[in-house]
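Here is the structure we will look at, set down as structure tokens.
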DNA sequence: TTGTGTGAAATATTTCACAGCC
DNA sequence: GGCTGTGAAATATTTCACACAA
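Chains as they are written, first to last, in the UniProt record's numbering: chain A, 1 to 256; chain B, 1 to 256.
Here's what the structure looks like:
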């Protein structure tokens, strides 16, 4: 691509957004770059190389450059990237120039913590409403917000222009809540309940399952243990393991 | 592969683990299958087809079959999978046959919620210890566990055989905590702090960043808004968008 | 000379489609 | 007849390596 093309300049200088459809893997990394850039900006850096930003974000520099190249050319060859400019660009692409309103449904153990989580507010969002189905919890105030009954969702959603719904209910309630969110026009949902939700075409759904993360780590623990368990089988302990030798996690070595 | 090969039967009938090194994408889905299988078992199903399990887990059946084929052949052609057998097999591969001990560091807002999260306990883990650096929080009891000072980590880790460390501290403390966990022999870490951690080779690190999930959703909101914003540009509104037409999120349509 | 931007190569993952077994 | 297991094709993602701009 010739010359500098800045698709959708943040300053809206008459140009057009034309959000390029980024690879999903790239989208998932942009927030990480953004955080690293904010750190750099706070420590007085005005410029950063792909190498520098990549290591701050925990990726390799080739990947970073490829990712950023999808946004257009915001670097200067021989110099690096302008930190401020890149922050603006990424925030623009991620749609963070407007502070989206988030509705959190389910104010139990986890929901309570999410309601008080600074990161949402400090990173571009506004928790606009809290809901729960349990009347015992309705009325409680968390972080300056009053918990409302879920039946008030339609009214509140219209008033607050809710853009994103976060579900932190028990799994048994999650699908019903998702349906209600969809019904009031919410098109992005983040689900913390450990279950599969189905939503209509056009609604984006992401999920965070805390236990799954631990189970993935458990797999790798198991794997590491099963490898080190056979210290010397003659070399290729990594391949097939013909037969014999019952080794079911002797007791993973911890500490000295 | 000829006949039924059951690499590493759970019942340890003298056979060998021989954990096949599964594709990472497959590993990440196994916990989801496991949850779906438990649901099926509870509702009395003894057998399930790839189609049925796939839809319960929110994936397509081809992917499911490919994933399961990496574990060996546990299905019966023309019939489906034996629910109980598959549960055993997946639990075995994920290393859930032993209840791994988890240490949670950082008992603030989020950590507090994690300490009380049922899902960890119900899905194969044991929260063995809670730590914090803030002496004001040390001694507090959460869910039957007393919060200890982080300096006690070495002693406790040795006593409890901690396998996995969960970091729920502020970002500023996270790297130091990670270092301490690594120092006492922990080789798997789940990080909730919004920062990049570096750990030595051989230590597995996963990360959950709640704000990042919202930012990814925000991107898609932005994208949807920018597409629907040009209702009829003559057909190919999806391609480049030559120039002109300043469209910076008019106001995303919410509600009716 | 430095360091971005990017084609092209290498990997990883998903999907297709069907042979083979129950 | 139904459904798994799996090669082969299609996509997606990562990495390489270098032309070229500043």
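Just so you know, even glycine gets a beta-carbon here, dropped at the ideal spot from N, CA and C.
These numbers come from a predicted model, not from an experiment.
Check, Outcome
"Considering only the alpha carbon of each residue, which of 148/A, 40/A and 177/A lies closest to residue 135/A?", "148/A"
"Compare the beta carbon distance of residue 56/A and residue 39/A with 8 Å and say whether it is the shorter of the two.", "yes"
"Taking residue 93/B as part of the alpha helix (DSSP H), name the residues at either end of that continuous run.", "83 to 93"
"With distance defined between alpha-carbon atoms, name the residue in 86/A, 126/A and 133/A nearest to residue 151/A.", "133/A"
"Specify the secondary structure class of residue 135/A as computed by DSSP and reduced to three states.", "coil"
"Taking the alpha-carbon positions, what's the residue 138/A to residue 105/A distance?", "12 Å"
"Can you name the residues that DSSP bridges to residue 126/A?", "101/A"
"Within 10 angstroms of its Cβ, does residue 200/A collect 16 or more other Cβ (buried), or is it exposed?", "exposed"
"By alpha-carbon positions, which one of 142/B, 162/B, 170/B and 215/B ends up nearest to residue 91/A?", "215/B"
"Can the beta-carbon of residue 95/B be found less than 8 Å from the beta-carbon of residue 218/A?", "yes"
"In the DSSP assignment, find the unbroken alpha helix (DSSP H) run with residue 25/A in it and report its ends.", "24 to 42"
"In chain B, which residues lie less than 8 Å from residue 221/A when you measure between Cβ atoms?", "95, 100, 163, 164, 187, 188 and 204"
"Whole angstroms is fine: what's the gap from residue 146/A's alpha carbon to residue 167/B's?", "30 Å"
"Which residues, in chain order, does the segment 38 to 49 of chain B contribute to contact with chain A at a C-beta distance below 7 Å?", "none"
"Under DSSP, the alpha helix (DSSP H) around residue 149/B begins and ends at which residues?", "Unbroken run through residue 149/B is the beta strand (DSSP E), 145 to 149; no alpha helix (DSSP H)."
"Which whole-angstrom value is the C-beta distance of residue 48/B and residue 78/B, which I expect to be below 8 Å?", "Not really, about 14 Å apart at Cβ, beyond 8 Å."
"Check residue 228/B in the structure and name its three-state DSSP category.", "helix"
"Where does residue 191/B sit, in a helix, a strand or coil, going by DSSP?", "strand"
"Taking 8 Å as the threshold (beta carbon to beta carbon), is residue 120/B in contact with chain A?", "yes"
"Mind checking residue 209/B: buried by the 16 CB within 10 Å criterion, or exposed?", "buried"
"Please confirm if residue 125/A has its CB atom under 8 Å from at least one CB of chain B.", "yes"
"Flag residue 226/A as yes if its beta-carbon sits less than 8 Å from any beta-carbon of chain B, otherwise no.", "yes"
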